[in-house]
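Chains as they are written, first to last, in our numbering: chain A, 5 to 228; chain B, 5 to 228.
Glycine is no exception: its CB is placed at the ideal position from the N, C-alpha and C atoms.
Note that the coordinates shown come from a computational prediction; the quantities given were computed from them, not determined experimentally.
Taking it in order: structure first as structure tokens, then the write-up.
2 protein chains.
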Amino acid sequence: MAATRERLLRAAELCFAERGYEGSSLRDITRVAKANLAAVNYHFSSKQDMWVEVMQRRIGPLLLERHRMLAEVRAAAPRGGPLPLEKVCEALLLPVARVYYAGGDSPAVISRMIGRLFSEPNFLRQEIDRRGLSQSGREFRAALREALPEFSEKEFKWKFYFCICALLGALARQGRQPGLQGSMDTSDIEELVRHLVPFLCGGLREPMPAKRAPRPTRGKKSSK
Amino acid sequence: MAATRERLLRAAELCFAERGYEGSSLRDITRVAKANLAAVNYHFSSKQDMWVEVMQRRIGPLLLERHRMLAEVRAAAPRGGPLPLEKVCEALLLPVARVYYAGGDSPAVISRMIGRLFSEPNFLRQEIDRRGLSQSGREFRAALREALPEFSEKEFKWKFYFCICALLGALARQGRQPGLQGSMDTSDIEELVRHLVPFLCGGLREPMPAKRAPRPTRGKKSSK
DNA sequence: GTCTATAAAGGGATAGAC
DNA sequence: GTCTATCCCTTTATAGAC
């Protein structure tokens, strides 16, 4: 069956999302997929190639949709003026919630997997980067920059960094942080995005406080 | 040498920070430590026990300092009033920057390792939780809650979740996100904290927009 | 405490029958 | 396309000499 390939992709997705690349053995994955161990090498030729395939088939459509939404935001914005921050953030986030509702897919698992991608060793991201992830990142950085012209380049770099960290963390950890997520349903990605957009915008817009009186050099003083 | 134990702890810290628990073999670790493979089992009896030891010796002092700083914030705040959000966030973050400057330690590596802790399988966190991490988390959740009384419990839960995600992500990823961190030095933890505090505070304070309606402050066309 | 040697299990990959 | 059987390597852990 060619359906074996699909079952393998889904099983690998699940395992990678939960335990990462190194933590997921091919034996685990084939057991979950109810497939034979040798099927992995038949369909993908190696574990690493399967990893790339698993990631790419989810990230590809996501980047397309992001690009499309961002173009919409640009088209609607007044020429020359700053881009609307909320809209840019939505274009960054909503595709995650929208692209993965095809039959049987779990947006929670997929977004967790994508969030995890950035905790993996760099060599596991090179191929994904080459296929468009890096470029999409730069595109969004530029859009955010246009939405936040008031900051110095250095301040913007920090804000962009924190923004990506919050976004990736919120995706990677949803549904699996005991003690952190009492009754709320972090696996409802639409809801997550709805709350995350204002959080990011608030953090991004917050000005840096004026530098206060010189800090104590290292740690002893408690004169607050 | 008893110094072997120390070299092992540092080497393990480095490896766990870079590649995670499953990605770090005892062979890797003992090679970095210039120690014999069998030394791990002699000093720690198992890889998992060493993991707990590596984490605990860094997290323990961190939690103590957090507790101390938070007590200071409470003592300085007017009774009954809300706690000052910036101070609470600083008590959450500054200890990471301050506790690890003892001879030879790298705050960048240590904070990366701590940030990674939350991407590891849950069983690797149970012992650390039991030794105070969970309780410290609850303590800070309560303090943040007192600093943000204006939100509903549900909204606060989301904000707290995002706050922790941004914090852990910023720690875990510093120094190793190519393309994301152009010229800035994310391994300067003091500087990271100085920028992260306003980002978190801005995100935490930002009110939720009215549901499914154009934002009240700006009559803007909504395209959903 | 440290070392060599090795056990015992698990990992990715492959050959070849069907 | 799928399966069994197996190769060969790495992993964690341990035994026992020094």
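Interface partners of residue i on chain A, CB under 7 Å
i: E210(B); result: P202, F203, C205, G206
i: P213(B); result: P202
i: K38(B); result: Residues of chain A passing the Cβ test: none, with the nearest at roughly 23 Å.
Residue i: contacting residues in chain A (beta-carbon distance under 9 Å)
i: W55(B); result: Within chain A, no residue comes near W55(B); the closest Cβ sits about 14 Å away, beyond 9 Å.
i: S115(B); result: Near S115(B) there are no residues of chain A at all, since even the closest Cβ is about 13 Å away, more than 9 Å.
i: F155(B); result: The contacting residues do not exist; F155(B) stays about 11 Å from chain A at best.
Exposure label - residue i; buried when at least 16 CB within 10 Å
i: F166(B); result: buried
i: L121(A); result: buried
i: A6(B); result: exposed
i: E17(A); result: buried
i: K38(A); result: exposed
i: S123(A); result: buried
i: F164(A); result: buried
i: G85(A); result: exposed
i: K225(B); result: In this predicted model, K225(B) has a pLDDT of only 47, less than 50, meaning its place in the structure is not dependable; the value taken from the coordinates is given anyway. Exposed, because fewer than 16 other Cβ atoms sit within 10 Å of the Cβ of K225(B).
i: E157(A); result: exposed
i: P153(A); result: exposed
i: K91(B); result: buried
i: Q52(A); result: exposed
i: F127(A); result: exposed
i: R2(A); result: The displayed coordinates of chain A run from 5 to 228. Any statement about residue 2(A) would go beyond what the structure contains.
i: S49(B); result: exposed
i: N45(B); result: exposed
i: R134(A); result: exposed
i: R129(B); result: buried
Expected contact under 8 Å - CB spacing of residue i and residue j to nearest Å
i: E69(B); j: V201(B); result: The pair is not a contact, with the Cβ atoms about 16 Å apart (cut-off 8 Å).
i: P99(B); j: M117(B); result: Not a contact, Cβ separation roughly 15 Å.
i: F144(B); j: L96(B); result: 6 Å
i: L67(B); j: S140(B); result: 4 Å
i: T8(A); j: H71(A); result: With 8 Å as the limit, T8(A) and H71(A) do not qualify as a contact, their Cβ atoms being about 33 Å apart.
i: F160(A); j: R149(A); result: 6 Å
i: A176(A); j: L89(A); result: Wrong, their Cβ atoms sit about 24 Å apart, outside the cutoff.
i: S10(A); j: E26(B); result: Checking the sequence, you will find Glu at residue 10(A) rather than Ser. About 26 Å separates the two Cβ atoms, so there is no contact after all.
Chain-ordered neighbours of residue i on chain B, where CB pairs are closer than 8 Å
i: E26(A); result: R23, G24, E26, G27
i: Y105(A); result: Going along chain B, no residue has its Cβ under 8 Å from Y105(A), so there is no contact; the nearest lies around 16 Å.
Close Cβ partners of residue i (< 8 Å) along its chain, the five nearest in sequence each way excluded
i: G223(B); result: A caution first: G223(B) carries a pLDDT of 43, below 50, which makes its placement in the model unreliable, though a value can still be read off. Cβ within range, chain order: n/a, list empty.
i: I132(A); result: V56, M59, Q60, I63, L121
i: L41(B); result: L30, R31, T34
i: R78(B); result: L87, A147
i: A170(A); result: L200, F203, L204, G207
i: G108(A); result: R14
i: E76(A); result: A95
Under 9 Å by beta carbon: chain B residues contacting residue i
i: L172(A); result: C169, G173, R177
Same chain, Cβ closer than 6 Å to residue i, neighbours up to 5 away in sequence not counted
i: I114(B); result: R62, Y104
i: L13(A); result: V58
i: S227(B); result: Low confidence applies here, because S227(B) scores a pLDDT of 45, under 50, leaving its location unreliable; read the following figure in that light. Answer for S227(B): no residue qualifies.
i: S28(A); result: C19, F20
i: G136(A); result: L67
Chain B contact residues for residue i, given Cβ-Cβ distances below 7 Å
i: P125(A); result: R23, G27
i: K163(A); result: F203
Nonlocal neighbours in the same chain, by C-beta distance under 7 Å from residue i, ignoring five residues either side
i: L172(B); result: G119, F122
i: E210(B); result: none
i: P111(A); result: A101, Y104, Y105, I193
i: L36(A); result: The residue you asked about is not Leu; residue 36(A) is Val in the sequence shown. Once the five neighbours on either side are set aside, the close Cβ partners of V36(A) are A15, L18, C19.
i: A174(A); result: L196, L200
i: P65(B); result: V103
i: M212(A); result: E159
i: R83(A); result: none
Chain-ordered chain A contacts of residue i [CB-CB under 8 Å]
i: R11(B); result: Within 8 Å Cβ-Cβ: nothing; R11(B) doesn't reach chain A, min ~24 Å.
i: F144(B); result: Simply none; closest approach about 11 Å.
i: H199(B); result: E159, W162, K163, F166, M212
Note to self: Within 8 Å, do at least three Cβ pairs link the segment 198 to 205 of chain A to the segment 13 to 29 of chain B?
What the structure shows: no
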